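In the working numbering, the protein residues as written are 14 to 298.
Cβ coordinates follow ideal geometry from the N, Cα and C atoms, glycine included.
None of these values were measured; they are calculated from a predicted model.
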Ligand code: SF4
Ligand code: SF4
């Protein structure tokens, strides 16, 4: 069994929105993007053990030990999220170090009721060895090998990471936040060259389950932008599955609250553009 450790934010035993079927979802801690519209900003950064959340915890569930190292008393924690609200680093003291064995036992308990595993984040590909070991352990277990293995990614991973995962991963869902490099930089604080290369590589190797387009009014919602995006996606794979996601303010940082939410009319218009480019597997949320 693998000795690689993972930094875990959370797990969900059952999800119907993180890939095909009913899925066990692993949310890893840490992301290489800093998206304006992030719905889970407390998953972005690894805790620096600064100790600032210890005092505000109403349940005295946190302490700081020599190191310094933040320590959580899970029995006392009520998941009130006060520590997340006061953290200046977009992190959480609730993230925990886990082994593949820990997760395998959680998955085994629900295996009869799920169709697969999705590793999300944060950004799953920031911990590629852990993901590869988790997936290969699942594939090698006769009672779990039927579960499909998916990654939910922002796409900003070197091709070497996808090559490492290719033999044990059944598919990837990849965000394309913006085709235009400057807009991508504004939305995520990162270039999009690796994202585009990832989409191409995964499509070429039949590992691209879905591309997700988050529509953020004022950033990437105009007709010309979506036309160019549709043309590029069509040049990669005209039969690809696309999920069109309208921006919602739920869970975002205060700086993003001024951004208008995507309307149903807008999403319908953009879906029409995609269909006119030949895409017929489009989900809209
Ligand atoms: S969620 Fe954070 S602040 Fe709330 S009880 Fe748990 S450790 Fe304390
Ligand atoms: S969770 Fe945030 S506030 Fe708490 S110790 Fe870590 S970095 Fe500091």
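For ligand 1, which residues count as neighbours when the test is a C-beta closer than 7 angstroms to any heavy atom? 66, 69, 70, 71, 72, 74, 75, 85, 89, 90, 91, 92, 93, 94, 95, 96, 97, 106, 107
For residue 277 and residue 228, which I take to be in contact (beta-carbon distance under 8 angstroms), what is that distance rounded to the nearest angstrom? With a Cβ gap of about 11 angstroms, residue 277 and residue 228 do not count as contacting.
Out of curiosity, what's the CA-to-CA distance linking residue 95 and residue 102? 14 angstroms
Roughly how many angstroms separate the alpha carbons of residue 232 and residue 196, rounded to a whole number? 7 angstroms
Please determine, among 253, 113, 48, the residue with the shortest C-alpha to C-alpha distance to residue 39. 113
Does DSSP put residue 222 in a helix, a strand or coil? strand
May I ask whether a heavy atom of ligand 2 can be found less than 6 angstroms away from the beta carbon of residue 51? no
Hey, would you say residue 45 sits closer than 7 angstroms to residue 169, going by beta carbons? yes
CA-CA distance, residue 203 and residue 41? 20 angstroms
So, helix, strand or coil for residue 261, using DSSP? coil
Is there at least one non-hydrogen atom of ligand 2 closer than 6 angstroms to the beta-carbon of residue 244? no
Selected residue, minimal CA-CA separation from residue 190, among 69, 89, 256, 295: 256
CA nearest to the CA of residue 283, picked from 220, 296, 251: 296
Taking the straight line between their C-alpha atoms, what separation do you get for residue 220 and residue 133? 16 angstroms
As assigned by DSSP and simplified to three states, the class of residue 196: helix
Roughly how many angstroms lie between the CA atoms of residue 211 and residue 88, to the nearest whole one? 42 angstroms
Just grab the DSSP bridge partners of residue 120 for me. DSSP lists no partner for residue 120.
So, helix, strand or coil for residue 176, using DSSP? helix
Please state whether the Cβ-Cβ distance between residue 100 and residue 66 is less than 7 angstroms. yes
Neighbour flag for residue 17 against chain C, beta carbons, 7 angstroms: Structure shown: chain C not included; a single protein chain is present.
Suppose you measure from the CA of residue 24 to the CA of residue 124; what does that come to, to the nearest Å? 14 angstroms
Cβ distance (whole Å) where residue 184 is taken to contact residue 160 below 8 angstroms: About 13 angstroms; that fails the 8 angstroms criterion.
With hydrogens ignored, establish whether the beta-carbon of residue 44 is closer than 6 angstroms to any heavy atom of ligand 2. no
In this structure, what does DSSP give as the bridge partners for residue 37? 130
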